[in-house]
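Below is one structure; the comments refer to it alone.
Residue numbers (the working numbering): 2 to 398.
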């Protein structure tokens with residue numbers, strides 16, 4: 002039997018869209034940052050921090066949906082992992098397939114067909130198997146946002162074991178775990194800055210280096226963010242008013258603090274911003290919004306925001322290929338030229354509309370079909386009628 006359905010945390014679904022939009026704007030406006038005012042450039046130029054927010058949200062919602070405080074970890078691990086594959090892989094695969102022509106074209110410009118095949122095959126295999134984040138040089142080669150799904154795949158594998166440990170921790174132990182993970186993430190970033198093992202001297206979001214890429218993409222390095230989310234989810238289950246009696250004010254304060262830090266991000270070393278400076282404010286924001294109370298929770302929990310939040314995964318995975326396709330369609334000159342504001346507006350509108358269509362026409366049907374297939378296969382193995390094909394669907398992958 003499936004676990005009783007817990008109330009949907011609508012505001013966190015809406016928050017997903019803000020995280021995805023942050024990443025999309027970072028990728029699309031990055032080349033134009035020097036034209037913007039410093040606060041706006043800082044706000045948009047640190048859009049990569051949206052990935053950290055995704056990781057914390059993922060841990061929170063999976064713990065909320067699958068764990069029970071004091072009762073150990075999740076049961077039926079096979080069902081859990083099958084549900085995760087059904088949740089992320091169909092849209093992820095579309096993103097990889099759409100990105101392959103561009104990846105192949107880059108290789109063919111510098112290699113002959115045979116050499117291009119030999120050089121590209123391992124990269125493509127790593128992308129298809131969600132292992133690219135373990136190899137720094139491969140992490141961002143095929144549809145760059147996919148690296149975070151490679152990290153998520155590791156989180157899913159670790160979740161049952163982490164759940165056994167965290168679900169039995171008392172409420173008073175969860176806060177130190179959260180703070181320790183935040184400190185661990187910041188220590189990794191500070192150590193990189195102090196040692197500068199890649200010899201980069203000046204480090205920006207576009208900098209490349211073996212150890213910098215490991216710091217950005219390696220699943221083990223990013224694990225503290227997920228553990229923070231899981232611990233927050235269990236803390237919320239143990240005490241829904243963990244942030245106090247006025248969660249609406251806490252949410253607004255945390256949201257404002259995030260905005261101020263992002264606006265001033267140009268003054269903060271990139272590894273520190275990317276390495277978890279905002280994990281504390283993110284934690285407060287998530288805990289406060291989970292209550293569903295207050296102005297911000299009301300806005301993010303509205304029906305339009307929830308729809309956008311549900312489509313945010315497709316938006317996040319597909320915005321790169323959509324940009325590449327539009328580049329080859331729009332005129333080279335005129336109001337929709339590549340570097341124009343018109344092109345940016347068109348791109349954002351098309352990306353959101355396509356994400357909603359993919360959600361409705363591909364993501365939800367494929368997820369249901371894969372779950373039913375898994376339930377049928379499991380029932381066949383056990384010799385009984387399938388049940389539980391439709392699980393309590395988390396609002397975050």
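No residue lacks a Cβ here, since even glycine has one placed at the ideal position from N, Cα and C.
Non-local beta-carbon contacts of residue 272 in its own chain, meaning distances under 7 Å to residues more than five positions away in sequence, involve 190, 193, 194, 204 and 216 in chain order. Annotation: the continuous alpha helix (DSSP H) that includes residue 379 extends over 365-383. The Cβ atoms of residue 220 and residue 211 do not sit closer than 9 Å to each other. Of the candidates 157, 33 and 380, 157 places its Cα closest to the Cα of residue 81. Taking a C-beta distance under 9 Å as the contact criterion, residue 155 and residue 63 do not qualify as a contact pair. Note on geometry: alpha-carbon atoms of residue 201 and residue 295 lie some 45 Å from one another.
Close CB contacts of residue 332 within its chain, under the 6 Å cut and outside five residues either way in sequence, are absent. Only residues of its own chain outside the window of five on either side were considered, and among them 92, 95, 312, 315 and 319 have a CB closer than 8 Å to the CB of residue 359, listed in chain order. Residue 336 and residue 173 have their C-alpha atoms spaced approximately 58 Å apart. Look at the beta carbons and you see the segment 52-62 touching the segment 229-243: at least three pairs across the two are nearer than 8 Å. In the structure shown, residue 66 falls within a helical segment according to DSSP collapsed to helix, strand and coil. Nearest to residue 286 by C-alpha distance, out of 34, 61 and 28, is 61. In the DSSP assignment, residue 313 falls within the unbroken alpha helix (DSSP H) covering 313-328. Considering only 179, 104, 329 and 166, the residue with the shortest C-alpha distance to residue 225 is 179. At a Cβ-Cβ threshold of 9 Å, residue 325 and residue 11 do not count as neighbours. Annotation for residue 117: 108 and 109 place their beta carbon closer than 6 Å to its own, counting only its chain and skipping 5 residues before and after. Per the coordinates, the alpha-carbon of residue 84 lies some 11 Å from the alpha-carbon of residue 374. Secondary structure note for residue 212: its alpha helix (DSSP H) is the uninterrupted segment 211-218.
Distances from the alpha-carbon of residue 239 to those of 291, 247 and 252 put 291 closest. In the structure shown, residue 116 falls within a helical segment according to DSSP collapsed to helix, strand and coil. Between residue 152 and residue 129, the C-beta spacing is not below 9 Å. Going by beta carbons, residue 309 and residue 357 fall inside the 9 Å limit.
Scanning 38, 260 and 124 for the CA closest to the CA of residue 144 turns up 124.
Boundaries for residue 138: no alpha helix (DSSP H) harbours it, and the DSSP string shows neither H nor E there. Straight across, the Cα-Cα distance linking residue 261 with residue 33 is about 21 Å. In this structure, residue 186 and residue 276 form a Cβ contact; the two beta carbons are roughly 6 Å apart against a cut-off of 8 Å.
By the criterion of a C-beta distance shorter than 7 Å, residue 344 is surrounded in its chain by 331, 337 and 338, once the five residues flanking it on both sides are discounted.
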